[in-house]
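S.K.:
Number of protein chains: 2
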Amino acid sequence: MNSAMAGVIGFVGLDQLSLELAALLLRAGYKVQAFEVQNLLVNEFLKLGGIECSSLREAAKGVSALIVLISHKDQIHDVIFGHDGALEGLQKDAVIILYSTILPSHIRTLEKNLKENGLATSVVDTYVYKATSENLNGKVVVVSSGMPDAISKAYPILSAMSEKLYIFEGEIGVGSKIKLVTELLEGIHLIAAVEAISLGVKAGIHPWIIYDIISNAAGNSWVFKNFIPQLLSGNVKYHFLNSFIQKLGIVLDMAKLLTFPLPLLASAHQQLVLGSSLGTGDDNTPLGQVWDQVFGVNTTDAANAERYSPEELATQITSQSKAVRKVGFIGLGAMGFGMATHLVKSNFCVLGYDVYKPTLTRFESAGGLIRSSPADISKGNLRTL
Amino acid sequence: MNSAMAGVIGFVGLDQLSLELAALLLRAGYKVQAFEVQNLLVNEFLKLGGIECSSLREAAKGVSALIVLISHKDQIHDVIFGHDGALEGLQKDAVIILYSTILPSHIRTLEKNLKENGLATSVVDTYVYKATSENLNGKVVVVSSGMPDAISKAYPILSAMSEKLYIFEGEIGVGSKIKLVTELLEGIHLIAAVEAISLGVKAGIHPWIIYDIISNAAGNSWVFKNFIPQLLSGNVKYHFLNSFIQKLGIVLDMAKLLTFPLPLLASAHQQLVLGSSLGTGDDNTPLGQVWDQVFGVNTTDAANAERYSPEELATQITSQSKAVRKVGFIGLGAMGFGMATHLVKSNFCVLGYDVYKPTLTRFESAGGLIRSSPADISKGNLRTL
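Top to bottom, those sequences are chains H and R. According to the numbering used here, the first sequence is numbered sequentially starting from 221. According to the numbering used here, the second sequence is numbered sequentially starting from 221.
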């Protein structure tokens, strides 16, 4: 299919996920063009084969669909209706695909404003995400909703840019509603994960060991599994809080309009605000330090500790599992050393750490592999067990 | 290995998971015996090859390890030190393996009491669970801790009754601490799941569709994925709340002893108490009805609704995935019908539901498979997508 047949798609704003949408659309034969101010994202977009536009109007010109990634309602209004805005470039029969965290009521206002301007242009709202389940792992899922005419126009594009597609026909805002419900869960799970890890550290347990055990137990969540390693290794920064607070504020706003109580989300939101209030002024402070201040613990040091109390030995044995032949030992006390060397003799690959260096030397000469910190052991297990 | 060599293991109290431990121990050549009052569990235990005991003393007699499943500290004290209690039957070198939700401080008291009674008997505490991750799915994991002599005695038994084993040597209570941290997460995730589904229903979205989308997105948790279907189908009953409230109370107690704040768990705990306060006096009331009362929605009816508003059509298309050939449509409006029949022609297996019966007849004659409710479609997809 050549691009003239498939048509042109415009992007207003880009993020990592919209780059994937662009790649899927290009593969389906669409031409894609974008207006975005961040150079890093624009460069990736150009590498894919996209075309950079110098204005909103230009990005909207000649497209059959305009994919808008802007969350603030006033900004969306300006982007579309403002001077040199998208509407000035838009064809009368184009469809606007919203890909943002935005209140359903604001989407309906936008739809109404378009109609009042005498425009046939119709709107579809979407929730776009990467699937997390075993079967669909990493595939792009699009949940979309809109009036029948809008769905009808958007369908070929939605279909091309997704690997699994849900369509709610007959009412706009359903995509956004489901996105807001998911974000409610993400927000609560984030604060729950931080509360849990901090409690564990306060109780004297190494955070990587808590992570290793719980990410495989009934206490697990997608956020726990994916966020905690980022937090413990210092990769998440303070500024992450503010975008989260904003998103959850929109969920609370939606519930308020529905006169619906969200006591647990409200509590999680307040914890995020508390975290945010403890900022040092540096947006790039590792987020773990903020939570350490909230809870009065030192998760950061515990996660990176070279030193480990021999009284808090942790050993981990894998038995009766034919598939697993790699075992980590944290602490090589009398029992631990005996078991570890026994496993070495049984042809296991055994990683060990102990604060007492001569023990490590002895362990190495018995055939064990030594590691420089408990975190290294735990991480090793995560990859292999 | 014959049972005389491997030894005898006693159980005080049984549950589904301890039946699995018993099966693993039997397979390793141990003889197992139990004292339990519930006939159903005893019968399953006997079927495995276990021996029923008529008293605590008898269950403890001749064992190398006594596995105790009792959560209340006073009960544990009575079980061990009471008249005709376990201690009267216990050999001096036996080890007690605690398999309960119990405060670390109570475990230390128990250990002290045993020592003060001049007994060599030592204690190991454990957190036992079925692994939830892809690699270890369903395997029995044991997280254990205790002083070196206790670990040394318990090691062969712990090793035989687990498929993955963690040992924390040098301090008792670590197993329980990790269990309490997991339960904190489970409790919060439970209330979060209920809050999310109720908000979605209030916003007009079918609960099975919310479940289908979110259980595959970043908002997912183990509790959401496994608990919500039970809740929506009415399988979880009111009495479930009280055991949860008790367990989370122990987590809050542990945090209090550590002077550690748990604002989010405290909020979740209060919601559980609110739910509990709305009981009708019938322990077997479906739990969903309790939450419906809390949130002023009707999730129960929505989940089972035969009728579905045609204005809230939901269609689901799977595109570009070669593996998936089964698609469900809820609502067969103008667009939905066209897409559904198009997919039928492309050799997809297409399930459809619509409130308007003539549409269904038309759909069936076009080669679609009709279903009697939206829930049937969603459930069908869960199994196949």
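Idealized CB from N, CA, C, for every residue including glycine.
Under 7 Å Cβ to Cβ from H/Gly227, same chain only, skipping five residues before and after it: list those, please.
M.R.: Locating residue 227 of chain H in the first sequence gives position 7, counting from the first residue. Setting aside the 5 residues that flank it on each side, H/Gly227 is surrounded in the same chain by Tyr250 and Ser284, each with a C-beta closer than 7 Å to its C-beta; the list follows chain order.
S.K.: Using a 10 Å radius around the Cβ and a threshold of 16 neighbouring Cβ atoms, would you call H/Gly501 buried or exposed?
M.R.: Counting from 1 along the first sequence, the entry for residue 501 of chain H is found at position 281. Under this definition H/Gly501 is an exposed residue.
S.K.: Using a Cβ cut-off of 9 Å, pull out every chain R residue sitting near H/Glu354, in sequence order please.
M.R.: Here residue 354 of chain H corresponds to residue number 134 of the first sequence, with the count starting at 1. In chain order: Glu354.
S.K.: Going by DSSP in three states, H/Asp345 sits in which element: helix, strand or coil?
M.R.: Taking the first sequence and counting its residues from 1, one reaches residue 345 of chain H at position 125. DSSP places H/Asp345 in strand when its eight states are reduced to three.
S.K.: What in chain H is Cβ-close to R/Gln491, meaning under 7 Å?
M.R.: Here residue 491 of chain R is taken as the residue at index 271 of the second sequence, counted from 1. By Cβ distance, chain H contributes Pro483 and Leu484.
S.K.: Give me the subset of the stretch 429-445 of chain H whose CB atoms are less than 8 Å from a CB atom of chain R, sorted by chain position.
M.R.: Cβ contacts with chain R come from Ile429, Ile430, Ile433, Ile434, Ser435, Asn436, Ala437, Ala438, Gly439, Asn440, Ser441, Trp442, Val443 and Phe444.
S.K.: Roughly how many angstroms separate the alpha carbons of H/Ser435 and H/Gln513, rounded to a whole number?
M.R.: In the first sequence, residue 435 of chain H corresponds to position 215, counting from 1. In the first sequence, residue 513 of chain H corresponds to position 293, counting from 1. If you take the alpha carbons of H/Ser435 and H/Gln513, they lie about 24 Å apart.
S.K.: Within its chain, find whatever has a CB closer than 6 Å to the CB of H/Ser541; leave out the 5 residues flanking it on each side and keep chain order.
M.R.: As a working note, residue 541 of chain H is residue 321 in the first sequence. Low per-residue confidence applies at H/Ser541: pLDDT is 34, beneath 50, and the placement is therefore not dependable, though the value from the model is reported in the following sentence. So no residue of the chain qualifies.
S.K.: Quick one: list the residues of chain H neighbouring R/Glu256, beta-carbon separation under 7 Å, in chain order.
M.R.: Taking the first residue of the second sequence as position 1, residue 256 of chain R is located at position 36. The contacting residues do not exist; R/Glu256 stays about 24 Å from chain H at best.
S.K.: One question on the structure: do H/Val232 and H/Ala280 come within less than 9 Å of each other, judged by their Cβ atoms?
M.R.: Along the first sequence, read from residue 1 onward, the residue named residue 232 of chain H stands at position 12. Along the first sequence, read from residue 1 onward, the residue named residue 280 of chain H stands at position 60. The answer is yes: Cβ separation under 9 Å.
S.K.: Exposed or buried, which one is H/Thr581 when buried takes at least 16 other CB atoms within 10 Å?
M.R.: Position 361 of the first sequence, counted from the first residue, corresponds to residue 581 of chain H. H/Thr581 should be labelled exposed.
S.K.: At 3 residues or longer, and completely inside the stretch 396-432 of chain R: list those beta strand (DSSP E) runs for me, N to C.
M.R.: none
S.K.: Check for me: the beta strand (DSSP E) holding H/Gly366 runs from which residue to which?
M.R.: As a working mapping, residue 366 of chain H is identified with position 146 in the first sequence. Start and end: Val360 to Gly366.
S.K.: Is the separation between the beta-carbon of H/Gly439 and that of R/Leu405 shorter than 9 Å?
M.R.: What you label residue 439 of chain H is simply residue 219 of the first sequence in a count that begins at 1. What you label residue 405 of chain R is simply residue 185 of the second sequence in a count that begins at 1. Yes.
S.K.: On a CA-only basis, which of H/His426, H/Ile300, H/Gly282 and H/Ser487 is nearest H/Ala333? Give me that one, please.
M.R.: As a working note, residue 333 of chain H is residue 113 in the first sequence. The question names Ala, but residue 333 of chain H in the sequence shown is Asn. Ranking H/His426, H/Ile300, H/Gly282 and H/Ser487 by Cα distance to H/Asn333 puts H/Ile300 first.
S.K.: Between the Cα of R/Ile287 and the Cα atoms of R/Leu268, R/Leu245 and R/His303, which residue gives the shortest distance?
M.R.: Residue 287 of chain R sits at position 67 when you count from the first residue of the second sequence. Comparing Cα-Cα distances from R/Ile287 to each of R/Leu268, R/Leu245 and R/His303, the minimum goes to R/Leu245.
S.K.: How about R/Ile470: is its C-beta nearer than 9 Å to some C-beta of chain H?
M.R.: Indexing the second sequence from 1 puts residue 470 of chain R at position 250. No, no contact with chain H.
S.K.: Name, please, each residue of chain R whose Cβ falls closer than 7 Å to the Cβ of H/His326.
M.R.: Numbered from its first residue, the first sequence carries residue 326 of chain H at position 106. Going along chain R, no residue has its Cβ under 7 Å from H/His326, so there is no contact; the nearest lies around 14 Å.
S.K.: Hey, H/Ile430 and R/Ile398 are a contact pair by Cβ (cut 8 Å); roughly how many whole angstroms apart?
M.R.: Counted from its first residue, the first sequence places residue 430 of chain H at position 210. Counted from its first residue, the second sequence places residue 398 of chain R at position 178. Sure, about 6 Å apart at Cβ, within 8 Å.
S.K.: What are the residues of the stretch 364-397 of chain R that lie near chain H, defined by any Cβ-Cβ distance shorter than 7 Å?
M.R.: Pro368, Ile371, Ser372, Ser379, Ser382, Glu383, Lys384, Leu385, Tyr386, Ile387, Phe388, Glu389, Gly390, Glu391, Val394 and Lys397
S.K.: Can you grab the Cα-Cα spacing for the pair H/Ala488 / H/Val401, in whole Å?
M.R.: As a first step, residue 488 of chain H must be located in the first sequence, where it is residue number 268. As a first step, residue 401 of chain H must be located in the first sequence, where it is residue number 181. Looking at the two C-alpha atoms, the distance is approximately 14 Å.
S.K.: What first and last residue would you give for the alpha helix (DSSP H) that runs through H/Phe444?
M.R.: Position 224 of the first sequence, counting from 1, holds the residue named residue 444 of chain H. From DSSP, the alpha helix (DSSP H) with H/Phe444 extends over Trp442 to Leu452.
S.K.: Name, in chain order, the residues that DSSP records as bridge partners for H/Gln388.
M.R.: Within the first sequence, the letter at position 168 stands for residue 388 of chain H. Here the sequence assigns Phe to residue 388 of chain H, which means Gln is not the residue at that position. In DSSP, H/Phe388 forms a bridge with H/Ser365.
S.K.: Quick one: grab the DSSP three-state call for H/Lys335.
M.R.: Here residue 335 of chain H corresponds to residue number 115 of the first sequence, with the count starting at 1. Three-state DSSP puts H/Lys335 in a helix.
S.K.: In this structure, does DSSP put H/Gln189 in helix, strand or coil?
M.R.: Shown here, chain H extends from 221 to 605; a query on residue 189 of chain H therefore has no answer.
S.K.: Consult DSSP for H/Gly227 and reduce its assignment to one of helix, strand or coil.
M.R.: In the first sequence, the residue the question calls residue 227 of chain H occupies position 7. If DSSP states are grouped into helix, strand and coil, H/Gly227 belongs with coil.
S.K.: Compare the C-beta of H/Thr346 with all C-beta atoms of chain R and state if any pair is closer than 9 Å.
M.R.: For the purposes of this step, residue 346 of chain H is taken as the residue at position 126 of the first sequence. Cβ-Cβ to chain R under 9 Å: no for H/Thr346.
S.K.: How about R/Pro483 and H/Gln509: do their beta carbons lie closer than 9 Å?
M.R.: To locate residue 483 of chain R, count along the second sequence from 1; it is residue 263. To locate residue 509 of chain H, count along the first sequence from 1; it is residue 289. No, these two residues do not count as a Cβ contact at 9 Å.
S.K.: I'd like to know whether the C-beta atoms of H/Ser320 and H/Glu331 end up nearer to each other than 9 Å.
M.R.: Position 100 of the first sequence, counting from 1, holds the residue named residue 320 of chain H. Position 111 of the first sequence, counting from 1, holds the residue named residue 331 of chain H. The answer is no: Cβ separation not under 9 Å.
S.K.: 9 Å is my cut-off, CB to CB: does R/Ser342 come that close to chain H?
M.R.: Taking the second sequence and counting its residues from 1, the one referred to as residue 342 of chain R is at position 122. Taking Cβ atoms only, chain H never reaches closer than 9 Å to R/Ser342, which makes this a no.
S.K.: Could you check what DSSP says for H/Lys467 in three-state terms: helix, strand or coil?
M.R.: Here residue 467 of chain H refers to the residue found at position 247 when the first sequence is read from its first residue. Helix.
S.K.: Between the C-alpha atoms of R/Ile417 and R/Ile229, what's the straight-line distance to the nearest angstrom?
M.R.: As a position in the second sequence, residue 417 of chain R is number 197, starting the count at 1. As a position in the second sequence, residue 229 of chain R is number 9, starting the count at 1. Roughly 44 Å separates the two Cα atoms.
S.K.: Assuming H/Leu239 and H/Glu264 are in contact, meaning their beta carbons sit under 8 Å apart, how far apart are those beta carbons, in whole angstroms?
M.R.: The sequence position of residue 239 of chain H within the first sequence is 19, counting from 1. The sequence position of residue 264 of chain H within the first sequence is 44, counting from 1. The pair is a contact, with the Cβ atoms about 6 Å apart (cut-off 8 Å).
S.K.: Can you round the beta-carbon distance between H/Ser382 and H/Val362 to whole angstroms, since I take them to be within the 8 Å contact cut?
M.R.: Taking the first residue of the first sequence as position 1, residue 382 of chain H is located at position 162. Taking the first residue of the first sequence as position 1, residue 362 of chain H is located at position 142. That pair is a contact at about 4 Å.
S.K.: How big is the Cα-Cα spacing for H/Glu336 and H/Gly302?
M.R.: Counted from its first residue, the first sequence places residue 336 of chain H at position 116. Counted from its first residue, the first sequence places residue 302 of chain H at position 82. Rounded to the nearest angstrom, the two C-alpha atoms are 15 Å apart.
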